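Chains A and B, in that order, are what the protein sequence lines are.
For the first sequence, counting from 1, position 98 maps to 98 in this note's numbering; every step adds exactly one.
Heads up, this note's numbering is the position in the second sequence plus 114, with the first residue counted as 1.
Cβ atoms here follow ideal geometry from the backbone N, Cα and C, with glycine treated the same way.
Predicted model only: the values in this text are computed from it and were never measured.
Here is the structure we will look at.
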Amino acid sequence: KNQVEQSPQSLIILEGKNCTLQCNYTVSPFSNLRWYKQDTGRGPVSLTIMTFSENTKSNGRYTATLDADTKQSSLHITASQLSDSASYICVVRRGSSNTGKLIFGQGTTLQVKP
Amino acid sequence: NAGVTQTPKFQVLKTGQSMTLQCAQDMNHEYMSWYRQDPGMGLRLIHYSVGAGITDQGEVPNGYNVSRSTTEDFPLRLLSAAPSQTSVYFCASSYSTGTPYNEQFFGPGTRLTVL
């Protein structure tokens, strides 16, 4: 079954600390993996997109890793800020076309406290 | 560019009422889609379109209709609202050709409550 599982479900950290969010998937065939940030009451916004051949991709303080062999990805947030408080969603595109089905994880809710 | 816009932001319906959720994009994207987001679940695809005049069903299409008469607009119609359709609805758009890095842009969402 094509699934995307994220952990932890929720996380609370202090401002300035680092954190890592996990994503495991069983989607096949794999096209690419995306991380989105969704602020409360807003639509998801793309952070990174990685294909099969990419291991690491950064976007400012956000660094995503991908291990296509073990079907695992992580999103590392460095020096967290209050504005990082949001839900982070891992999404895997299935198939080889650019309109292949997107399979969404349930998201990890991150709260950054001062 | 305004990106992807959705109206209304909030809506309360009674069971059995019908309504249309509006979605528009100004990026000339071929691909548009509707998702619903429920607590504890990932976004689920309702309907999608790969271009004007072409629509297809997603994962949870029952109770919803769509049409795509122009590239810019992709309205979602609830035929006879049910409490199970209480959800947050997101419209999204992207290019359908090109590289795997085609980014999908989401609208701000419509929060619908069916009583």
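query	result
Candidates A:Ser85, A:Pro114 and A:Ser73, of which the one nearest Tyr25 of chain A by Cα	A:Ser73
Beta strand (DSSP E) runs contained entirely in the region 174-221 of chain B, provided each spans 3 or more residues	178-180, 190-192 and 201-208
Delimiting residues of the beta strand (DSSP E) encompassing Met146 of chain B	Tyr145 to Gln151
Residue span of the beta strand (DSSP E) that contains Ser85 of chain A, given as start and end	Counting along the chain, Ser85 of chain A falls outside any beta strand (DSSP E), and DSSP gives it neither H nor E.
Residues that Pro214 of chain B contacts on chain A, provided the C-beta gap is smaller than 8 Å	Ser31, Asn32, Ile49, Thr51, Arg93 and Asn98
Secondary structure of Met133 of chain B, DSSP reduced to three states	strand
Proximal chain A residues relative to Pro222 of chain B, where beta-carbon distance stays under 9 Å	Gly41, Arg42 and Gly43
Glu217 of chain B: contacting residues in chain A (beta-carbon distance under 8 Å)	Ser46 and Ile49
Endpoints, beta strand (DSSP E) assigned at Gly165 of chain B	Arg158 to Gly165
Contacts of Val4 of chain A in chain B (Cβ-Cβ under 8 Å)	Gly156
Pair within 8 Å by beta-carbon distance, Tyr149 of chain B and Arg158 of chain B	yes
Interface residues of chain B facing Gly105 of chain A [CB-CB closer than 9 Å]	Gly156
Contacting positions in the region 197-208 of chain B - beta carbon closer than 7 Å to chain A	Phe204
Coarse secondary structure for Glu54 of chain A, derived from DSSP in three states	coil
Distance CB(Ser83 of chain A)-CB(Gly16 of chain A) smaller than 8 Å	no
Three-state secondary structure (DSSP) of Gln117 of chain A	This structure does not reach residue 117 of chain A, given that chain A is present from 1 up to 114, and the question cannot be answered.
Selected residue, minimal CA-CA separation from Gly105 of chain A, among A:Gln6, A:Ile49 and A:Ile77	A:Gln6
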